[in-house]
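Just so you know, the UniProt record's numbering puts 117 at position 117 of the sequence shown, and the rest follows in order with no gaps.
Just so it is clear, CB atoms sit at the ideal spot from N, CA and C, and this is done for glycine as well.
Bear in mind that the values here come from a model prediction, so they are computed numbers and not experimental data.
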Amino acid sequence: MPHATNTEYHHIQLKKLAPTFAAEVTGVDFSKPVEKEVFDEIHRAIVDYGVLVFRKASLDDARHVTFAALFGELDDVKPYLAMGRKNRFPFDELFDVSNQEDDGSLVKLGSKRHHMGLGNSIFHVDSSFNPRRAGYSLLRAHQLPPRGHGGNTDFADTRTAFVELPEDLRKDLLENEYIGAHSLMHSRKKAAPKDSEWLRDIDPEKYPYGRHDIVQTHRPSGRPNLYIANHMHHLEYKKPRSASFTPTKEQPYERVPQPQGTELIERLLAHASQPRYVVSVEWENEGDLIVWDNTCVMHKAGEGTFMEKYARDMRRCTVHDGSIDAWGHNERTTKRMGLP
Ligand code: OGA
Ligand code: MN
């Protein structure tokens, strides 16, 4: 597969952050609308690198939304507003990924928001649990904790992780054509304390799953990708297996039996989270912006000691996937499963 090099870029400069993916971009003037020729190069670069870091882009809320809309159709928080949540921001297209409550106060350890937010600290892709998954995410640091309190964002290169799968695992995936059943509630429960009063009584089985093939072609680059995340509650077989299985609306595919299914999920996640596929990006300045492609990288919030002490005010625009795989095996509804 040919790899773009800096010589193919005339408006922007790229500095690689890891051997196989992720780059820091310079040369973009965010003080005015980004010009088409410049955006075209950014778009080309994200296909190649999967993660782009723009230092001190210093977008405000409005320009953040305008820039994100260049990448495609934007997701919004309207379903959650209808459920009674408030958005601190003046745009429904801005998701609040901070450690703050809707009134701006810092989350308390053990609060619902704290426990729910912990789900972001295990590797995932955005919105794989929704009927239509996310393509690009654009995360902006509005306010950061003082340096030394952590709060990096880590990324994992799942295209390279696919190519370097151990042979038995690759064979298993290609033969069995697994589907991942993704659930927001599953990842929330997985990351929170077992006895969390907010999550212990929640049963992911009572919510619909987002279903996507595990092995996919990342359409923009043509490269294979492992589309995996800690949202995966269980695996299913795409092809019918036992004669006794009858598909229903709730269970359209036969499940991989336990513990085999969970063992495979954990093996895939462990493989793709090895240090050689991971880059940890430090947020250096307020105004830094990171754009990533959820259909070829996973991400997670890194460790930090800021939680109850300092605001980490992160705001995200989420672009619906525009590829033919956007809906996976899901019904095409606008219903969404939850934040973030
Ligand atoms: C997100 C996310 C991680 C972070 O915005 O989707 O997972 O470091 N963020 O805040
Ligand atoms: Mn996320």
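Query	Result
So the candidates are A57, K86, R312; which of them puts its Cα closest to the Cα of G304?	R312
Quick one: residues in its chain with C-beta nearer than 6 Å to the C-beta of P340, no 5 flanking neighbours on either side, listed in chain order?	Its pLDDT being 48, under 50, P340 is placed unreliably in this model, and the value from its coordinates should be taken loosely. Taken in chain order, the residues that qualify are F95, V97.
Using the three-state DSSP reduction, which class does E315 fall into: helix, strand or coil?	Looking at the sequence itself, residue 315 is Arg, so the reference to Glu does not match. R315: strand per DSSP, three-state reduction.
Just to confirm my understanding: we take R336, look at its own chain, exclude 5 residues before and 5 after, and list those with CB closer than 6 Å. What are they?	P79, N130
Considering only DSSP beta bridges, list what W198 is partnered with.	Answer is none; W198 lacks a bridge partner.
Beta carbon of E286, beta carbon of L144: below 8 Å?	yes
Helix, strand or coil: which one does DSSP assign to T305?	coil
Would you mind reading off the limits of the beta strand (DSSP E) that contains T248?	Taken as a continuous stretch (DSSP letters only), T248 belongs to no beta strand (DSSP E), as it is neither H nor E.
Closer than 8 Å is the cut-off here; do at least three beta carbon pairs connect the region 312-326 with the region 191-200?	no
Identify the residues that DSSP records as bridge partners of V279: which are they?	F155
Give the straight-line distance between the Cα atoms of T248 and Y209, rounded to the nearest whole angstrom.	13 Å
What number of angstroms, rounded off, separates the C-alpha of I122 from the C-alpha of P275?	14 Å
DSSP on residue 351, reduced to helix/strand/coil?	Only positions 1 to 340 of the chain appear in the structure, and residue 351 is not among them; the question remains open.
Could you name the residues of the same chain whose beta carbon sits closer than 6 Å to that of F54, not counting the 5 residues immediately before and after it, in chain order?	V25, L289
Taking contact to mean 3 or more Cβ pairs, one atom from each stretch, closer than 8 Å, check whether the region 258-273 and the region 218-233 are in contact.	yes
Heavy atom of ligand 1 less than 7 Å from the Cβ of D126, yes or no?	yes
Flag N120 as yes when its Cβ comes closer than 7 Å to any non-hydrogen atom of ligand 2, and as no otherwise.	yes
Regarding H182 and ligand 2, is the C-beta to nearest heavy atom distance less than 7 Å?	no
In whole angstroms, give me the CA-to-CA distance for I237 and R255.	Per the sequence shown, the amino acid found at residue 237 is Tyr instead of Ile. Taking the straight line joining both Cα atoms gives about 6 Å.
Would you say the beta carbon of A192 is closer than 7 Å to some non-hydrogen atom of ligand 1?	no
For D154, decide whether its Cβ has a neighbour in chain B, counting only Cβ atoms nearer than 8 Å.	Any reference to chain B falls outside this structure, which holds one protein chain only.
Any idea if D76 is buried or exposed, counting beta-carbon neighbours within 10 angstroms, 16 or more meaning buried?	buried
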